[in-house]
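Accompanying notes for the structure given below.
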Amino acid sequence: MILTSSAYRKAVVVFFLLLGASGLVLPDFQLLAFNQYLFLAINVLALNFCLGLGGQISLAQGAFAGLGAYASLILHVRFPEASALVIPATTIGVFLLAGLLSLPMEKLGEGFLAMATLGVSLIFTNLVLTFDNLTGGSAGMMTDAPLTLPGIGVIAGDRAYFLVFLGLLALGAYVFLALRNSRLGRALLACKDDPPAAASCGVNRALVRALAFGLGGALSALSGIAYGHYSGFISPEQFSLELSLKALLFLVIGGPGNLMRPILAALVLEAALGQMHFLGDARTLCNGLLLGSALLFGYWRESKGKSLKRVQLPG
Amino acid sequence: MFTLYLAQIVNSGLALGAVYGIMALGFSLIFNSSRLINFAQGELLLLGGLMLLTLSRLTHLGPLTALFAAGACGFFLGRVLFSTTLGLSINASPLRQLMLTVAASLCWQGAAILVWGKNPLLLPQLLPIPELRAGPIFLSRDTATALTLAVASVVLLSIILKHTRIGRAIRAVSMNATAASLQGVNPGMCRALSFAMAGILAAMAAMAVGPQTMLRYDMGLGLGLKGFVAATIGGYTSLWRVFFGGILLGVIEAVLVLTLSGELKETLTYALLIGLLVLAPHRHDATERA
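In order, the protein sequences belong to chains A and B. Residue numbers are given in this note's numbering: position 232 of the first sequence equals residue 631, and the series is strictly consecutive. Residue numbers are given in this note's numbering: position 230 of the second sequence equals residue 545, and the series is strictly consecutive.
The structure is reproduced here in structure tokens:
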């Protein structure tokens, strides 16, 4: 495990300062794309809570983000200008929901958990389509209710939302680091490495992992809330399985459990993929090849490390 | 009126159920031999069907040649899937292997978009099986074909697994790979073979589903997941139980689609999946051991 030294913390702070500075310099039209990348990066970080810390795969990240966005938009229609209440209520709601969902699923093995969370993702999409009088169905849902925070006022414009996304990413990173270095984080790590051993050492596996799952869900929900009010239009497609798969893709490329590398991978590679308009229909294939080669490269590096150790042992 | 409804439910339920049953068999084969959930199962069906479609456009395919061509395509695709996922990462963690099949499903879907485009394509009915009418029960041509293909696949598969040397080897590897290899069985070969057989099954499913719902680049995930639900209902171990899990799921869906909306039907199916996974206690040991 990588211990978080003060130098590492400083590097993280410098990274966020640089990111913030670049956002203040960039022109508005580029911020539009940049905010999309940040939204994705937050979801990668959210998935890192359950996969990187707890070792549990989840394909429901998009659903949690969508849940946050839909809940916040619908509540804002009923209670405009009550953002200060709606945002925490939605976040806590999704936190509890994600945690409760993961409680019975904790005992499932990897493949079964992936399938079950995939089911959660599809259930969310189908529920949005079913209750179309509330959510607008496949046609999506428009909003003009802005987020209004006490002391700050109305949040509007690309630059303000850039700061919101950046703030969320920084908050997530802070919680991630704090969690990783805590007793709870070590319990999670034990669950990831050897579930039976962790349980026999007195770790309440289901509860600990539900907490990580819930934190990831809550972070996704926060990003979804911001995204929904930022774009002013949400539809089930924006929070479909593609978002969950993309989050998984970039997390795997960056290495689950690392803080900065997955975020960087999401920002850089998504920006690069966004530039490649010439790819067109080949984008799915490219995503697949990228994920596959990242997985194989990681495996190759791992097994090389193992064989080196084996050589060293007799000597 | 009520009997007409019932006949309609039986007809469409059996048509889809047969397809789910074949997909579930493919899932169980791979799961038992390799302890791997194959996310690319639906894409096996998709590409198998699309390759068959191209072949049928190039030349005239008679019923027997069509079956043979489907089998050959399926075998090839399954073998390719094995050598690009599990074959490359045999010692990797189960999570990594699982995600490799996710990557494979993305790649294959991308390839299908590039080669065959995004529009749905109709696979012609290649087998000359007539429709059946027995009193109030009515089976359309598609249903009769799907059922025939499915039952024939299960019978053939159970004969292969029970009564041939290679089938016994595959079963031995699924019980205990180490012990099987001590008896001279090559586990890698058996796993590759079970992938290839899953590919053949998926191609058969494509022949059954292609004329019903057409082939589209994004159909793989849904069908694969339904196959997974069916395999979970059936419990993975017995061929016939897994197959009837598929039939049951098809009939349940047909009932739901007539009484509720299509989206609510999907919601209930996936909720059923999660409920089954959580409530079936005997499965978890098997996965944790792997």
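Beta carbons: idealized from backbone N, C-alpha and C, even for Gly. It should be emphasised that the depicted structure is a prediction, and the values quoted were computed from it without experimental measurement.
In angstroms with no decimal places, state the Cα-to-Cα distance between residue i and residue j.
i, j, result
"A/Leu562", "A/Gly419", "7 Å"
"A/Ile624", "A/Leu688", "32 Å"
"B/Leu410", "A/Ile456", "8 Å"
"B/Gly363", "A/Ala544", "49 Å"
"A/Arg604", "A/Asn447", "18 Å"
"A/Ser405", "A/Val607", "27 Å"
"A/Leu484", "A/Gly552", "14 Å"
"A/Gly714", "B/Ile485", "Note on A/Gly714: pLDDT 32, under 50, position unreliable in the model; the coordinate value appears next. C-alpha separation (whole angstroms): 40 Å."
"B/Ser348", "B/Phe383", "25 Å"
"B/Met529", "B/Asn406", "38 Å"
"A/Phe677", "B/Ala523", "37 Å"
"B/Ala438", "B/Ile475", "The residue you asked about is not Ala; residue 438 of chain B is Leu in the sequence shown. Approximately 29 Å between the Cα atoms of the pair."
"A/Ala586", "A/Val602", "6 Å"
"A/Phe530", "A/Thr524", "10 Å"
"A/Leu416", "B/Leu331", "56 Å"
"B/Glu603", "A/Ala665", "Only weak support is given to the placement of B/Glu603: the predicted model assigns it a pLDDT of 38, under 50, and the value that follows is read from those uncertain coordinates. Using only the alpha carbons, I get a separation of about 31 Å."
"B/His599", "B/Leu472", "Annotation note: pLDDT 44 at B/His599 (below 50); position unreliable, no value reported."
"B/Arg448", "B/Leu454", "6 Å"
"B/Leu587", "B/Leu571", "13 Å"
"B/Phe342", "B/Gly393", "12 Å"
"B/Ala511", "B/Gly357", "14 Å"
"A/Glu701", "B/Val325", "52 Å"
"B/Ala507", "B/Thr416", "14 Å"
"A/Ile554", "B/Leu365", "50 Å"
"A/Tyr508", "A/Ala459", "It is Gly, not Tyr, that sits at residue 508 of chain A in the sequence shown. So the two alpha carbons sit approximately 16 Å from each other."
"B/Trp431", "B/Ser371", "14 Å"
Taking the CB atoms as reference points, tell me whether residue i and residue j lie closer together than 7 Å.
i, j, result
"B/Gly535", "B/Leu361", "yes"
"A/Gly616", "A/Val527", "no"
"A/Ala462", "A/Val519", "yes"
"A/Gly627", "A/Leu472", "yes"
"A/Pro661", "A/Val443", "yes"
"A/Val651", "A/Ala611", "no"
"B/Tyr335", "A/Ile522", "no"
"B/Ala351", "B/Gln424", "Reading the sequence as shown, one finds Leu at residue 351 of chain B and not Ala. Taking 7 Å as the Cβ cut-off, B/Leu351 and B/Gln424 do not qualify as a contacting pair."
"A/Gly451", "A/Cys590", "no"
"B/Leu344", "B/Ala517", "no"
"A/Thr683", "B/Leu421", "yes"
"B/Leu429", "A/Ala670", "no"
"B/Ala545", "B/Leu564", "yes"
"B/Ile567", "A/Ala515", "no"
Which residues does DSSP list as the beta-bridge partners of residue i?
i, result
"A/Gly552", "A/Leu548"
"B/Leu454", "B/Leu447"
"B/Leu436", "B/Leu530"
What residue does the beta strand (DSSP E) around residue i start on, and which one ends it?
i, result
"B/Ile428", "Segment 409-431 is the alpha helix (DSSP H) holding B/Ile428; no beta strand (DSSP E) there."
"B/Ala449", "447-449"
"A/Phe638", "Element bounds for A/Phe638: n/a, residue is neither H nor E."
On the DSSP letters alone, give me the boundaries of the alpha helix (DSSP H) that residue i sits inside.
i, result
"A/Leu583", "582-592"
"B/Glu568", "554-574"
"B/Ala586", "577-594"
"B/Met316", "Element bounds for B/Met316: n/a, residue is neither H nor E."
"A/Phe478", "Run containing A/Phe478: none; DSSP gives neither H nor E here."
"A/Tyr568", "At residue 568 of chain A the sequence reads Leu, which differs from the Tyr that was named. Unbroken alpha helix (DSSP H) run through A/Leu568: 557-579."
"B/Gly482", "480-490"
"A/Lys409", "405-424"
DSSP three-state label for residue i, please.
i, result
"B/Met686", "With chain B represented from 316 up to 605, any question about residue 686 of chain B goes unanswered, as that position is not in the structure."
"B/Phe354", "coil"
"A/Ile456", "coil"
"A/Ile486", "helix"
"B/Phe391", "helix"
"A/Met675", "coil"
"A/Phe530", "coil"
"B/Ile405", "coil"
"A/Phe632", "strand"
"A/Met540", "strand"
"B/Thr400", "coil"
"A/Gly616", "helix"
"A/Cys600", "coil"
"B/Val500", "coil"
"A/Leu430", "helix"
"A/Lys645", "helix"
"A/Gly465", "helix"
"B/Leu367", "helix"
"A/Glu509", "helix"
"A/Pro655", "coil"
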